[in-house]
Each structure stands twice: as structure tokens, then as C-alpha cells.
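Enquirer: Take a look at the following structure, please.
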Amino acid sequence: MMFAAFMKMAIQMAVVYLFGCTGEILIEKGGNLNLGIPGIMCLGALGGAGGVDLYYHLFGLDNAIWIFFMLFVLFFTALFACLGGFIYALFTVTMKANQNVTGLVLTTFGVGVMKFVGSFIKIDVLSKAKYLFRATFIPFEKTGPIGEIFLSGGFLFYLAFILAIVLAIVLSKTRVGLFIRAVGESPATADAQGIPVEKYKYACILIGSLIAGLGGLYYVCDYSGGKTFVDGTIDAYGWLALALVIFSIWRPLFGIAGSIIFGGLTILPNYLNISIVQIKLFGMFPYLFTVLVLIITSIFGKRSVQPPSSLGVNYYREDR
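When we follow our numbering, the leftmost residue of the sequence shown carries the number 65, and every step to the right adds one.
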């Protein structure tokens with residue numbers, strides 16, 4: 065039973081990473097390296113928490129209609145996360161600013177705004193709303209280890225895995241996915257074939273930012289059960305989500321497995337009788353594994369395990 069409890073917590077923690085990883089994979093497949101994902105996750109958390117607080121003051125939570133409540137909160141999460149994505153896209157796609165610098169500034173902005181504005185949101189309201197996020201609609205018994213691990217999650221829990229699977233199918237099996245990969249590999253060639261490069265980049269950045277923002281919402285309102293997020297570590301999880309993109313070699317399905325590994329490493333110290341120093345060492349493991357993956361993929365050198373060729377490089381149409 066201890067193993068089942070551990071796996072349940074590991075997979076629940078993995079959802080935070082999976083949202084961020086899935087969103088960034090889409091953005092990077094379109095050729096943009098967005099180091100602002102930690103900030104966007106913070107903005108998504110702020111928007112979602114603000115939506116919960118506003119819903120509470122407008123309608124109350126005692127007799128809340130679940131579907132209306134979720135749509136209300138998701139709207140504000142999407143608004144804030146896509147705002148961050150739009151800022152990044154405007155500077156990097158339209159204005160051709162340095163992608164690394166823009167992303168880092170966006171992360172600093174997102175974390176700062178969350179900590180300042182978030183301090184005005186009442187934490188007890190988020191605690192009251194957690195039952196709405198954790199509501200599960202599985203129509204059969206959730207007994208035994210399988211039920212405890214896989215069948216007791218809420219809407220956002222399952223949405224994370226669904227989005228990763230859908231993205232994998234879109235990128236590998238559809239015409240849209242082919243165009244996205246073409247833009248990421250060689251925007252000049254894609255442009256010559258009539259593919260609207262800027263439109264695809266904007267779409268990837270905005271949709272990817274929305275997905276990543278859901279990770280912040282999940283962490284604040286579901287996983288942490290409404291605990292304070294002003295002093296939380298959402299941005300730290302965002303950096304791990306970026307590392308997970310490399311660990312999963314830019315494949316959403318690998319991201320699912322990698323997120324569970326990262327989630328297990330995150331919560332493992334809670335099950336071990338170890339010192340604070342040893343806990344800090346555990347925090348290094350995801351990054352060490354990522355470096356190991358980079359070394360292995362560099363040795364083998366297969367194109368299929370490398371990032372998009374034009375990742376992080378701005379496209380100047382006049383140079384085509």
C-alpha cells in the first residue's frame with residue numbers, strides 16, 4: 065500500500081511538470097525557445113486563483129455548478145497565460161528580440177507579478193474550492209492500488225495526459241503537425257512552400273503558453289490543495305519542466321514517462337529518513353539525468369533525438 069501511495073503522489077506531482085513540458089514542446093517544435101515558461105506557469109496560477117476568488121465573491125462556492133465554475137476559472141487562467149505568451153511572441157516573432165533574454169525577463173516578470181498580486185488573494189477561498197478541482201467522475205469503484213493511483217484524480221489531472229497524447233498525434237500524424245515541424249526545422253523552406261511562418265509561430269506560442277499555464281493552476285488549486293502560492297515554488301517546477309523537454313527528447317509521450325520520473329524524485333525525500341543536505345542532493349537528480357540524456361543523444365547523433373534545427377533562431381524573411 066505504501067508503494068501505491070507513493071505512485072499516487074508521484075503521478076499527481078508529475079502533472080505539474082507534464083503541463084509545462086507539453087506546452088514547451090509545442091513552442092519549441094515551432095522553432096522558439098521560451099525560457100519564460102516558469103513565469104507563464106506563475107501567471108497561469110495567478111489567473112486561476114484570481115478566477116476562483118472572483119467566482120467566490122460573485123456566486124459563492126457552496127452550490128457552485130461544476131462546469132460553469134471550471135469554465136470561469138479556465139478562462140482567467142488562459143487569459144493570463146496567453147498574455148504572457150503574447151508578450152513573448154510579440155518581442156521574439158514580430159520584433160525579433162533575443163529569445164533567451166526575452167524568456168528570462170518574462171519569467172522574472174511572471175514571478176514578480178504573481179507574488180505581488182497574489183498576496184491580495186485570500187488563501188482560505190482556494191482551500192474551500194479544492195473539492196471542485198479534485199472532483200472525479202469515474203463511474204465505477206476506485207478500489208485497490210490501480211484505483212488509488214489512476215482513478216482518483218480530478219479534471220486537470222486527466223487533462224494533462226490527454227493533451228500530451230493529442231499533441232503527440234498532431235505532431236506526428238497530421239498536416240498541421242507537419243507544418244509546425246517544418247517551421248521549426250527550416251522556416252525559410254516552409255515560407256517558400258507557402259506556409260505562414262509567423263502565424264504558426266504565434267499559434268504554437270499561445271497554445272503552448274496556455275497549456276503551461278494550466279500547470280500553475282493545477283499546482284495551486286488542486287495539488288497543493290489551496291495552500292499559499294506567493295511563497296511557493298511554481299517557478300522552480302517550471303525550470304524542471306524545461307529540463308524535462310530535453311529529457312523527453314522533444315516527444316510528448318516520452319514526456320509522460322519523464323514527468324512521472326521527475327515527480328517521483330521530487331516527493332521521494334518525503335518517504336526517506338534523510339538530512340536536509342541529502343534532500344537538496346535529490347533535487348539535483350532531474351538535472352543530472354537531463355545532462356546524461358544530452359550526452360547520450362550527442363554521442364549517438366541521430367537527427368530524431370535532436371532539437372529542431374532552427375530552435376532559438378529568429379527568422380528574417382528578407383534573408384530568405
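For glycine and all other residues, C-beta sits at the position ideal for the given N, C-alpha and C.
Output the distance between the C-alpha atoms of PHE219 and PHE184, rounded to the nearest integer angstrom.
Expert: The count along the sequence shown starts at 1 and reaches residue 219 at position 155. The count along the sequence shown starts at 1 and reaches residue 184 at position 120. Approximately 27 Å, taken between the alpha carbons.
Enquirer: Rounded to the nearest angstrom, what separates ALA276 and TYR264 at their Cα positions?
Expert: Taking the sequence shown and counting its residues from 1, the one referred to as residue 276 is at position 212. Taking the sequence shown and counting its residues from 1, the one referred to as residue 264 is at position 200. Going by the C-alpha atoms only, they are around 18 Å apart.
Enquirer: Using only alpha-carbon positions, find the residue among LEU122, ASP286, ILE320 and GLY272 that is nearest to LEU99.
Expert: Residue 99 sits at position 35 when you count from the first residue of the sequence shown. Of the listed residues, the one whose Cα sits closest to LEU99 is GLY272.
Enquirer: Going by DSSP, what residue range makes up the alpha helix (DSSP H) through ASN164?
Expert: To locate residue 164, count along the sequence shown from 1; it is residue 100. Residues 163–182.
Enquirer: In terms of residue numbering, what span does the alpha helix (DSSP H) encompassing THR330 cover?
Expert: Start at 1 with the first residue of the sequence shown, and residue 330 comes out as number 266. That run of the alpha helix (DSSP H) goes 316–331.
Enquirer: First and last residue of the alpha helix (DSSP H) that includes PRO209?
Expert: Residue numbering aside, residue 209 sits at position 145 when the sequence shown is read from its first letter. Residues 208–214.
Enquirer: Spatial neighbours of ILE359 within its chain, please: CB distance less than 6 Å, with the 5 preceding and 5 following residues excluded, ordered by chain position.
Expert: The residue you call residue 359 lines up with position 295 of the sequence shown. So no residue of the chain qualifies.
Enquirer: I'd like to know whether the C-beta atoms of GLY108 and GLY327 end up nearer to each other than 8 Å.
Expert: On the sequence shown, position 44 is the one that residue 108 refers to. On the sequence shown, position 263 is the one that residue 327 refers to. In this structure, GLY327 does not lie closer than 8 Å to GLY108 by Cβ.
Enquirer: Can you tell me whether SER236 is buried or exposed, with buried defined as 16 or more other CB within 10 angstroms of its CB?
Expert: By one-based count along the sequence shown, residue 236 stands at place 172. So SER236 counts as exposed.
Enquirer: On the three-state DSSP scale, how would you describe VAL284?
Expert: Sequence index remark: in the sequence shown, residue 284 carries index 220 (1-based). The answer is helix: DSSP assigns VAL284 an H, G or I state.
Enquirer: For GLY241 and VAL234, which I take to be in contact (beta-carbon distance under 8 Å), what is that distance rounded to the nearest angstrom?
Expert: Walking along the sequence shown from the start, residue 241 turns up at place 177. Walking along the sequence shown from the start, residue 234 turns up at place 170. Indeed they touch by this definition, with Cβ atoms about 5 Å apart.
Enquirer: Is ASP126 helix, strand or coil when you go by DSSP?
Expert: Taking the sequence shown and counting its residues from 1, the one referred to as residue 126 is at position 62. ASP126 falls in the coil class under three-state DSSP.
Enquirer: Give me the Cα-Cα distance between ILE75 and PHE225, rounded to the nearest whole angstrom.
Expert: The residue given as residue 75 occupies position 11 in the sequence shown. The residue given as residue 225 occupies position 161 in the sequence shown. Approximately 11 Å, taken between the alpha carbons.
Enquirer: If you follow the alpha helix (DSSP H) that MET348 is in, where does it begin and where does it stop?
Expert: Within the sequence shown, residue 348 is the residue found at index 284, counting from 1. Segment: none, MET348 is in no alpha helix (DSSP H) and carries neither H nor E.
Enquirer: Excluding five sequence neighbours on each side, which residues of the same chain lie with their C-beta closer than 8 Å to the C-beta of LEU196?
Expert: As a first step, residue 196 must be located in the sequence shown, where it is residue number 132. Within the same chain, LEU196 has close Cβ partners LEU125, ALA128, TRP130, PHE133 and MET134.
Enquirer: When the Cα of VAL169 is compared with those of LEU82, LEU274, GLY148 and GLY94, which residue comes out closest?
Expert: Taking the first residue of the sequence shown as 1, we reach residue 169 at position 105. Considering only alpha carbons, the answer is GLY148.
Enquirer: Is the stretch 107–123 close to the stretch 162–180, with three or more CB pairs under 8 Å?
Expert: The answer is yes - the stretch 162–180 touches the stretch 107–123, with three or more Cβ pairs under 8 Å.
Enquirer: Output the boundary residues of the alpha helix (DSSP H) element that contains PRO251.
Expert: Residue numbering aside, residue 251 sits at position 187 when the sequence shown is read from its first letter. Element bounds for PRO251: 251–256.
Enquirer: Report the rounded CA-to-CA distance for GLY94 versus ARG315, giving the unit in angstroms.
Expert: Reading the sequence shown from its first residue, position 30 is the one you call residue 94. Reading the sequence shown from its first residue, position 251 is the one you call residue 315. Taking the straight line from one Cα to the other gives about 13 Å.
Enquirer: I need the DSSP call for PHE133, collapsed to helix, strand or coil.
Expert: Position 69 of the sequence shown, counting from 1, holds the residue named residue 133. Of the three classes helix, strand and coil, the one that applies to PHE133 here is helix, per DSSP.
Enquirer: Considering only the beta carbon of each residue, do ILE101 and LEU306 sit closer than 8 Å?
Expert: Mapped onto the sequence shown, residue 101 falls at position 37. Mapped onto the sequence shown, residue 306 falls at position 242. Closer than 8 Å, so yes.
Enquirer: Given that a residue counts as buried once 16 or more other Cβ atoms are within 10 Å of its Cβ, and exposed if not, what is PRO393?
Expert: Shown here, the chain extends from 65 to 384; a query on residue 393 therefore has no answer.
Enquirer: Quick one: using the 10 Å Cβ neighbour count with 16 as the cut-off for buried, is MET73 buried or exposed?
Expert: Numbered from its first residue, the sequence shown carries residue 73 at position 9. Counting Cβ neighbours within 10 Å, MET73 comes out buried, since at least 16 surround it.
Enquirer: By a C-beta neighbour count over all protein chains shown, 10 Å radius and 16 as the cutoff for buried, is GLU88 buried or exposed?
Expert: Numbered from its first residue, the sequence shown carries residue 88 at position 24. Classification for GLU88: buried.
Enquirer: For VAL137, which residues of its own chain have a beta-carbon under 8 Å away from its beta-carbon, when the five flanking residues on both sides are left out?
Expert: Residue 137 sits at position 73 when you count from the first residue of the sequence shown. Once the five neighbours on either side are set aside, the close Cβ partners of VAL137 are GLY112, GLY115, VAL116, TYR119, LEU281 and CYS285.
Enquirer: Tell me the DSSP secondary structure of PRO102 in three-state form.
Expert: The residue you call residue 102 lines up with position 38 of the sequence shown. The answer is helix: DSSP assigns PRO102 an H, G or I state.
Enquirer: Pick out whichever of GLY258, VAL157, PHE144 and TYR81 has its Cα sitting closest to the Cα of ALA321.
Expert: In the sequence shown, the residue the question calls residue 321 occupies position 257. Per the Cα distances, TYR81.
Enquirer: Rounding to the nearest angstrom, what Cα-Cα distance links VAL357 and ILE313 in this structure?
Expert: Taking the sequence shown and counting its residues from 1, one reaches residue 357 at position 293. Taking the sequence shown and counting its residues from 1, one reaches residue 313 at position 249. The alpha-carbon atoms of VAL357 and ILE313 are separated by roughly 8 Å.
Enquirer: Under 6 Å Cβ to Cβ from VAL247, same chain only, skipping five residues before and after it: list those, please.
Expert: By one-based count along the sequence shown, residue 247 stands at place 183. Around VAL247: GLY94, GLY95, ALA254, VAL261 and TYR264.
Enquirer: Within this structure, are the beta carbons of GLY29 and CYS85 separated by less than 8 Å?
Expert: This structure leaves residue 29 out entirely; the chain is present only between 65 and 384.
Enquirer: Report yes if the C-beta distance between CYS385 and LEU270 is below 8 Å; otherwise report no.
Expert: The question about residue 385 has no answer, for the chain in this structure spans 65 to 384.
Enquirer: Mind pulling the alpha helix (DSSP H) runs of 4 or more residues that sit fully within the stretch 65–119?
Expert: The stretch 65–119 contains these whole alpha helix (DSSP H) runs: 66–93.
Enquirer: From PHE353 to PHE311, what distance separates their C-alpha atoms?
Expert: Walking along the sequence shown from the start, residue 353 turns up at place 289. Walking along the sequence shown from the start, residue 311 turns up at place 247. Looking at the two C-alpha atoms, the distance is approximately 7 Å.
Enquirer: How about THR166 and PHE150: are their beta carbons less than 8 Å apart?
Expert: Residue 166 sits at position 102 when you count from the first residue of the sequence shown. Residue 150 sits at position 86 when you count from the first residue of the sequence shown. Their beta carbons are not under 8 Å apart, which means THR166 does not touch PHE150 by this criterion.
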